[in-house]
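Read the structure below first, then the notes.
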Amino acid sequence: MRQQSRRERLEHIGAVLVVGSGKGGVGKSTVSVNLAISLAKLGVRVGLLDGDAYGPSIPMMVGVRKRADARSEAILPLAERRDLAAEKKIQPLLRYGVKLMSVGFFIGEEQAVAPLPDALGMLMRQLLFSVNWGELDYLIIDLPPGTSEPQATLCREFELSGAVLVTTPQDIARIDTAKAVTMFQRMSVPILGVVQNMAGLLCPHCGQMVEIFPASPEPRAQLDDLPLLGRIPLDPAAVTNGDKGYPIVVSLADSPVAMVFSDISAQIVQRMALLHHAQDADSEREQAPDREEDSHEREA
1 MRQQSRRERL
11 EHIGAVLVVG
21 SGKGGVGKST
31 VSVNLAISLA
41 KLGVRVGLLD
51 GDAYGPSIPM
61 MVGVRKRADA
71 RSEAILPLAE
81 RRDLAAEKKI
91 QPLLRYGVKL
101 MSVGFFIGEE
111 QAVAPLPDAL
121 GMLMRQLLFS
131 VNWGELDYLI
141 IDLPPGTSEP
151 QATLCREFEL
161 SGAVLVTTPQ
171 DIARIDTAKA
181 VTMFQRMSVP
191 ILGVVQNMAG
201 LLCPHCGQMV
211 EIFPASPEPR
221 AQLDDLPLLG
231 RIPLDPAAVT
241 NGDKGYPIVV
251 SLADSPVAMV
261 FSDISAQIVQ
271 RMALLHHAQD
281 ADSEREQAPD
291 REEDSHEREA
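Residue numbering for the sequence shown follows full-length UniProt numbering, beginning at 1 and increasing consecutively.
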């Protein structure tokens, strides 16, 4: 974790968590939105940054619809200005107790943004530093699929507190998610655990999970050795309500799916507390020889 200590730390933000996957279509953004709102319900200050410039989906999920001519040029009014006063920075949108920012807030929902891959990391820096996040306990970054940019820039340049990985039961998704695990581990980013989305259907009579996708028979040590934070069942309401801007933890707060998100958020808070405690203990051990040396010098 010493490598992390040399990276840049965002002011006034207690922890930066990334939600990632190796593959698209696993419901990562849905998990990010509902997780952020569930954390806010616990009384912590939460921000959510949509890190997918190519396909920002968080605006629709929180009820922000912006239409524009799909043929017109999409312009992002951003510049990395750390010296700006808070009131002159871009103000995040507040929905369901969460501060939100997305490229999708600046463009029409059918407009395409096509930055070069190398520019994605720069775009993330701009969104991180040019937005008035204020005081946050957690900033969650919903990453695009894969292991390229902006993941590489974020892992290399910023102190990331932890990663949550989203997958589905199918082996093709697990293989790609295992690649993301390898990337985070190589970059010394702590992995808090795995969320299995679309895990099955809940029986309306007994409440048991009915497996509808074939579970992977192949062991994946990178995934199987990590904590399983939760298995989220399929619920059509999660899609229909989400498309209308009402995440399921808001629209159906007492549903089984919402309860799973509530449990996952509580686990993340607990794991982050344990991680911070372990990091503080490591720091104490590293500083102990220096204090002992200073003591000997004073005695001499």
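C-beta atoms are modelled at their ideal positions from N, C-alpha and C, and glycine is treated no differently.
Residue i, DSSP secondary structure in three states
i: residue 237; result: helix
i: residue 280; result: helix
i: residue 30; result: helix
i: residue 42; result: coil
i: residue 90; result: strand
i: residue 163; result: strand
i: residue 263; result: helix
i: residue 251; result: helix
i: residue 52; result: coil
i: residue 105; result: helix
i: residue 14; result: strand
i: residue 95; result: strand
i: residue 75; result: Bear in mind that a pLDDT of 45 at residue 75, under 50, signals an unreliable position, so the number given afterwards is only what the model happens to contain. Residue 75 falls in the coil class under three-state DSSP.
i: residue 331; result: Outside the displayed range of the chain (1 to 300) lies residue 331, so it cannot be described from this structure.
i: residue 70; result: For residue 70, the predicted model reports a pLDDT of 44, less than 50, meaning its position is unreliable and no value from the coordinates is stated.
i: residue 20; result: strand
i: residue 110; result: coil
i: residue 8; result: strand
i: residue 131; result: strand
i: residue 63; result: coil
i: residue 47; result: strand
Assigned exposure category for residue i - 16 Cβ within 10 Å defines buried
i: residue 42; result: exposed
i: residue 213; result: exposed
i: residue 71; result: Because residue 71 sits at a pLDDT of 49, beneath the cut-off of 50, its placement in the model cannot be relied upon, and the following sentence gives the value as read from the coordinates. With fewer than 16 Cβ atoms within 10 Å of its Cβ, residue 71 is classed as exposed.
i: residue 73; result: A caution first: residue 73 carries a pLDDT of 44, below 50, which makes its placement in the model too unreliable to give a value.
i: residue 9; result: exposed
i: residue 53; result: buried
i: residue 127; result: buried
i: residue 88; result: exposed
i: residue 50; result: buried
i: residue 210; result: exposed
i: residue 142; result: buried
i: residue 177; result: buried
i: residue 140; result: buried
i: residue 316; result: The question about residue 316 has no answer, for the chain in this structure spans 1 to 300.
i: residue 287; result: exposed
i: residue 285; result: exposed
Reference residue i, options the options, closest by Cα
i: residue 109; options: 64, 92, 96, 95; result: 64
i: residue 147; options: 272, 21, 7; result: 21
i: residue 100; options: 265, 230, 274, 133; result: 133
i: residue 229; options: 253, 50, 199, 245; result: 199
i: residue 167; options: 280, 48, 194; result: 194
i: residue 96; options: 59, 131, 121; result: 59
i: residue 181; options: 145, 206, 204, 202; result: 145
i: residue 138; options: 281, 252, 32, 286; result: 32
i: residue 26; options: 197, 143, 98; result: 197
i: residue 62; options: 91, 98, 55; result: 98
i: residue 222; options: 130, 140, 281, 165; result: 165
i: residue 106; options: 55, 269, 277, 140; result: 55
i: residue 14; options: 273, 246, 285; result: 273
Close-in-space but distant-in-sequence residues of the same chain around residue i (CB under 7 Å, 5 per side omitted)
i: residue 160; result: 16, 18, 154, 189
i: residue 57; result: 29
i: residue 257; result: 232, 233, 235, 238, 248
i: residue 275; result: 162, 190
i: residue 45; result: 135, 136, 137
i: residue 131; result: 89, 90, 92, 101
i: residue 120; result: 53, 149, 150
i: residue 224; result: none
i: residue 201; result: 210, 212, 233, 234
i: residue 24; result: 145
Cutoff 8 Å: residue i Cβ touching any chain D Cβ
i: residue 191; result: No chain D is part of this structure, which consists of one protein chain only.
Sequence-distant residues of the same chain with beta carbon closer than 6 Å to residue i, five excluded per side
i: residue 184; result: 163, 191
i: residue 283; result: none
i: residue 267; result: 229
i: residue 12; result: 135
i: residue 271; result: 192
i: residue 227; result: 193
i: residue 48; result: 36, 98, 100, 140
Proximal residues to residue i (C-beta, below 8 Å), its chain only, five neighbours per side dropped
i: residue 265; result: 35, 38, 39, 41, 42
i: residue 207; result: 256
i: residue 156; result: 7, 187
i: residue 179; result: 22, 147
Scan the region 173-238 and note each continuous beta strand (DSSP E) run of 3 residues or more that stays entirely inside, going in chain order. 191-196, 228-231
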